[in-house]
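Q: Residue numbering for the sequence shown follows this note's numbering, starting at 4 and increasing by one per position. Glycine is no exception: its CB is placed at the ideal position from the N, C-alpha and C atoms.
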Amino acid sequence: MGGLSAASSHYCHTHKTFLFCNYTLLGAATSCVFLTLSLRLLPSPCGLLLIALHALTAVAAASACATTPASTPRWHAAHMASTVLGAIFQGAVALLALTRAPDFLAELRSYVREEDGEVILKMVGSLGLAIFCLEWVALALAFALRYHAHIESGDPARRSSKVGGEEELKNWPWSFQV
4 MGGLSAASSH
14 YCHTHKTFLF
24 CNYTLLGAAT
34 SCVFLTLSLR
44 LLPSPCGLLL
54 IALHALTAVA
64 AASACATTPA
74 STPRWHAAHM
84 ASTVLGAIFQ
94 GAVALLALTR
104 APDFLAELRS
114 YVREEDGEVI
124 LKMVGSLGLA
134 IFCLEWVALA
144 LAFALRYHAH
154 IESGDPARRS
164 SKVGGEEELK
174 NWPWSFQV
């Protein structure tokens, strides 16, 4: 019984960490939206795409907070795929904003003074880098939660398939034996 409560306690901590990570993502993405809007780029197609990226990241984080790990596999797969793509694009935008701010600002066609625009763009890049890291942490936590829900779904054969028994470890190649 102690092992079951320890597993459920670990699951509870993982779920709370997942929620905290997604709420932090939501705050960072909405901050990026407002910082990007302060650059006054709405006439620019590239600026609109940048705002849309941050808005979609915020929507994905909010939807992750509202779902349970026992949601449908199709929704979970779609959410994981969209989060991976969002993380990749956030990382690329952060890299551009931090390393090539003047060129990136010229492409965005901002109406803000260049010095102020570079500072704002570097802030967006820094938040984008934080979002990139948080999205990968959230993905790992979502995977762990989904795996736990899959294992605990009821089939006794699934529960016994968990790695951890000493008999299973003895059959591994010599370099992996304990």
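Consult DSSP for SER11 and reduce its assignment to one of helix, strand or coil.
A: Translated into the one-based positions of the sequence shown, residue 11 becomes position 8. Note: SER11 maps to helix in three-state DSSP.
Q: Alpha helix (DSSP H) containing SER113: first to last residue?
A: Counted from its first residue, the sequence shown places residue 113 at position 110. SER113 -> no alpha helix (DSSP H), and no H or E assigned at all.
Q: From ALA63 to HIS82, what distance separates their C-alpha atoms?
A: Against the sequence shown, residue 63 aligns to sequence position 60. Against the sequence shown, residue 82 aligns to sequence position 79. In a straight line, the C-alpha of ALA63 is about 7 Å away from that of HIS82.
Q: Three or more beta-carbon pairs under 8 Å between the stretch 110-121 and the stretch 131-151, yes or no?
A: Segments in contact, no.
Q: So, using beta-carbon positions, are SER47 and ILE123 closer together than 9 Å?
A: Position 44 of the sequence shown, counted from the start, is the residue given in the question as residue 47. Position 120 of the sequence shown, counted from the start, is the residue given in the question as residue 123. Not in contact: SER47 and ILE123 (Cβ atoms no closer than 9 Å).
Q: In the DSSP assignment, find the alpha helix (DSSP H) that holds GLU42 and state where it starts and stops.
A: Here residue 42 is taken as the residue at index 39 of the sequence shown, counted from 1. Checking the sequence, you will find Leu at residue 42 rather than Glu. It is not in any alpha helix (DSSP H) - LEU42 carries neither H nor E in the DSSP assignment.
Q: If contacts are defined as beta-carbon pairs under 8 Å, then GLY89 and THR60 qualify, I think. What distance do you get, rounded to the angstrom?
A: Position 86 of the sequence shown, counting from 1, holds the residue named residue 89. Position 57 of the sequence shown, counting from 1, holds the residue named residue 60. Confirmed, Cβ separation roughly 5 Å.
Q: Quick check on this structure: which residue in SER12, HIS16, GLY30 has the alpha carbon closest to the alpha carbon of ALA133?
A: Here the question's residue 133 lines up with position 130 in the sequence shown. When only C-alpha atoms are compared, the closest one is GLY30.
Q: Taking the straight line between their C-alpha atoms, what separation do you get for PHE92 and SER11?
A: What you label residue 92 is simply residue 89 of the sequence shown in a count that begins at 1. What you label residue 11 is simply residue 8 of the sequence shown in a count that begins at 1. Those two C-alpha atoms are separated by around 35 Å.
Q: LEU52: buried (16+ other C-beta within 10 angstroms of its C-beta) or exposed?
A: Here residue 52 refers to the residue found at position 49 when the sequence shown is read from its first residue. Exposed, because fewer than 16 other Cβ atoms sit within 10 Å of the Cβ of LEU52.
Q: Since THR20 contacts LEU144 with CB under 8 Å, what's their CB separation in whole angstroms?
A: The sequence position of residue 20 within the sequence shown is 17, counting from 1. The sequence position of residue 144 within the sequence shown is 141, counting from 1. Between LEU144 and THR20 the Cβ distance is about 6 Å, and since that is below 8 Å, they are a contact.
Q: If the criterion is Cβ atoms closer than 9 Å, does the pair LEU101 and GLY128 meet it?
A: Your numbering for residue 101 matches position 98 in the sequence shown. Your numbering for residue 128 matches position 125 in the sequence shown. Yes, Cβ-Cβ distance for LEU101 and GLY128 is below 9 Å.
Q: Closer than 8 Å by C-beta to LEU22: which residues in its own chain qualify, once you throw out the five before and the five after it? Chain order, please.
A: Reading the sequence shown from its first residue, position 19 is the one you call residue 22. CYS68.
Q: Do ALA58 and ALA32 have their beta-carbon atoms positioned less than 9 Å apart in this structure?
A: For the purposes of this step, residue 32 is taken as the residue at position 29 of the sequence shown. For the purposes of this step, residue 58 is taken as the residue at position 55 of the sequence shown. Contact: yes.
Q: Please identify the residue among CYS15, VAL96, ALA65, VAL87 whose C-alpha is closest to the C-alpha of MET126.
A: Within the sequence shown, numbered from 1, the residue matching residue 126 stands at position 123. MET126 has its Cα closest to that of VAL96, out of CYS15, VAL96, ALA65, VAL87.
Q: Taking only the alpha-carbon atoms, compute the straight-line gap between CYS15 and ALA104 and give it to the nearest angstrom.
A: Here residue 15 refers to the residue found at position 12 of the sequence shown. Here residue 104 refers to the residue found at position 101 of the sequence shown. Cα-Cα distance, rounded: 42 Å.
Q: Applying the 10 Å Cβ sphere with the 16-neighbour rule, what's the burial state of PHE135?
A: Reading the sequence shown from its first residue, position 132 is the one you call residue 135. Burial call: buried.
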